[in-house]
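**Q**
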Amino acid sequence: MNSNKVKLGIAPINWTNDDMPELGAECSFEQCIQEMVEAGYSGCEVGTKYPADRVLLKEALDRVGLTICNQWLSTFFLSKPVEYNIRMLREQCDFLRYMGAGIIGVSEQTGSIQGKINVPLFSGEKPVIRYDTDWKKLCAGLNEAGKVAAEDYGIKLCFHHHLGTVVESCQEVNRLLEGTDASYVSLLYDTGHFYAAKEDPYTAIDRYCSRVGHVHLKDVRQSVLNTVNDEKLSFLDGVKCGLFTVPGDGSIEFEPIFERLEESEYTGWMVVEAEQDPAKANPLKYAKMGHEYICSAVNF
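For the sequence shown, the numbering used here gives the first residue as 38, with consecutive numbering after it.
1. Would you say the beta carbon of Leu254 is closer than 7 Å to some non-hydrogen atom of the ligand COA?
2. Go to His253, then tell me how far its beta strand (DSSP E) extends in each direction, as first and last residue.
3. Apply the 10 Å Cβ neighbour rule to Ser223 and answer buried if 16 or more other Cβ atoms are within range, or exposed otherwise.
4. Between which two residues does the beta strand (DSSP E) carrying Thr104 extend?
5. How about Leu200 and Ala234: do their beta carbons lie closer than 8 Å?
6. Output needed for Ile192: all residues of its chain with C-beta closer than 8 Å, excluding positions within five of it in sequence on either side, in chain order.
7. When DSSP builds the beta bridges, which residues end up paired with Cys195?
8. Ignoring anything shorter than 4 residues, give me the alpha helix (DSSP H) runs that lie fully in the stretch 239-323, in order along the chain.
9. How should Ala219 be labelled, buried or exposed, when 16 other C-beta atoms within 10 angstroms of its C-beta is the threshold for buried?
10. Is it true that the CB of Cys106 sits closer than 8 Å to the CB of Pro315?
11. Residue range of the alpha helix (DSSP H) that Leu94 falls in?
12. Within 10 angstroms of the Cβ of Asp99, are there 16 or more other Cβ atoms? Answer buried if so, exposed if not.
13. Check for me: the alpha helix (DSSP H) holding Ile70 runs from which residue to which?
14. Per the contact definition of three or more C-beta pairs closer than 8 Å, is the stretch 258-271 in contact with the stretch 321-333?
15. When the Cα atoms are used, what is the spatial distance from Asn41 to Val92?
16. Who are the near neighbours of Ser79 in its chain, counting only those whose CB is closer than 8 Å to its CB and skipping five residues on each side?
17. Going along the chain, which residues of its own chain have a beta-carbon closer than 7 Å to the beta-carbon of Glu162, five neighbours each way excluded?
18. Can you give me the start and stop residues for the beta strand (DSSP E) that Val185 sits inside?
19. According to the neighbour-count rule (16 or more other Cβ atoms, all chains shown, within 10 Å of its Cβ), is Tyr303 buried or exposed?
20. Name the residue from Gly178, Trp52, Lys269 and Arg127 whose alpha carbon lies nearest to the alpha carbon of Glu145.
21. From the DSSP secondary-structure annotation, give me the bridge partner or partners of Thr112.
22. Hey, Leu254 and Glu310: beta-carbon distance below 8 Å or not?
23. Would you mind reading off the limits of the alpha helix (DSSP H) that contains Leu133?
24. Helix, strand or coil for Gly229? Go by DSSP, reduced to three states.
25. Using the DSSP secondary-structure output, state which residues sit across from Cys332 in a beta bridge.
26. DSSP on Leu200, reduced to helix/strand/coil?
27. Given that a residue counts as buried once 16 or more other Cβ atoms are within 10 Å of its Cβ, and exposed if not, what is Thr240?
28. For the candidate residues Phe295, Glu236 and Trp52, whose alpha-carbon lies nearest to that of Gly61?
29. With a Cβ-Cβ cutoff of 8 Å, do Tyr221 and Lys173 count as a contact?
30. Look at the Cβ atom of Cys81, then the Cβ atom of Val143, and state whether they are nearer than 8 Å.
31. Which residue's Cα is closest to the Cα of Ile50: Tyr168, Ala318, Phe337 and Val335?
32. When DSSP labels each residue in this structure, what does Val43 get in the three-state scheme?
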């Protein structure tokens with residue numbers, strides 16, 4: 038894999054969890070970005086402790102040599118007006134363009150259970166799109182958002198399939214990609230979310246490689262996934278128990294995924310996003326572990 042075409046980034050959620058800020062409350066913004074660079078990464082996503090002032094944020098990142106590559110955006114096309122969603126998108130794209138980022142990662146959060154700590158992940162309570170009219174509504178909204186992002190800001194919209202949301206399984210990803218315009222909507226391919234959803238991440242990358250615009254690399258500990266299933270734990274409880282880890286430390290075989298990305302001439306970011314409890318999994322140690330594994334696997 039050509040390191041001039043594919044760059045390695047890491048998410049700050051490995052230091053402080055956005056949904057559970059008590060995880061990593063002791064980790065400062067300065068510690069986070071300094072350790073990202075020490076571990077070997079050149080890019081990052083946006084975290085809850087990042088300065089709200091974008092001028093100060095860019096100055097801080099420039100000092101250590103980090104680039105923002107992507108930021109999460111929750112959309113609600115199924116439950117809120119298109120105008121609301123486009124307004125939120127424009128605000129974030131304006132920020133991302135200033136930061137020099139080229140990707141906005143979108144996840145439809147209508148009815149999502151990913152942030153509900155008392156709702157079991159695999160209980161059947163996950164929201165499901167049951168009607169063609171709702172699929173058309175979601176896809177039309179994403180097409181409009183992707184067009185705005187691309188034409189007005191030069192930013193690529195990548196849809197993030199995610200556990201506990203309306204787009205979790207390959208069947209749901211299929212429906213979304215078939216209903217959206219490839220010119221405006223790409224896929225944020227996440228190894229861990231496919232695997233934990235009981236989908237084969239290699240089959241997924243083989244099927245979707247032409248639509249992949251951004252990559253999240255997270256490994257899954259199968260024993261913890263079994264516990265989440267058997268003990269009816271929530272997504273957030275799973276994170277606290279160590280469901281996710283960095284590539285090479287769990288149950289996913291990454292080499293075939295890297296090979297398929299290379300064959301498809303993927304260009305862009307691969308981002309380690311392995312949220313854990315920093316009190317149990319030292320962020321710098323695991324960031325280095327993931328970086329060393331990836332560089333060895335792809336011959337960087």
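Glycine included, every Cβ here is placed at the ideal spot set by N, Cα and C.
Keep in mind the model is a prediction, meaning the values are calculated, not measured.
**A** In short:
1. The ligand COA is absent from the structure shown, which contains no ligand whatsoever.
2. Val249 to Leu254
3. buried
4. Thr104 to Asn107
5. yes
6. Cys130, Leu133, Arg134, Ala138, Gly139, Ile140, Ile141 and Ala186
7. Gly142 and Ser223
8. 259-267, 272-278 and 292-300
9. exposed
10. no
11. Arg91 to Val101
12. exposed
13. Phe66 to Ala76
14. no
15. 28 Å
16. Lys44, Leu45, Gly46, Gly102, Leu103 and Thr104
17. Ile150 and Val156
18. That residue, Val185, is in no beta strand (DSSP E); its alpha helix (DSSP H) goes Asp169 to Tyr190.
19. buried
20. Gly178
21. Glu145
22. yes
23. Val119 to Met136
24. helix
25. The partner list for Cys332 (beta bridge, DSSP) is empty, contrary to what the question assumes.
26. coil
27. exposed
28. Trp52
29. no
30. no
31. Ala318
32. strand
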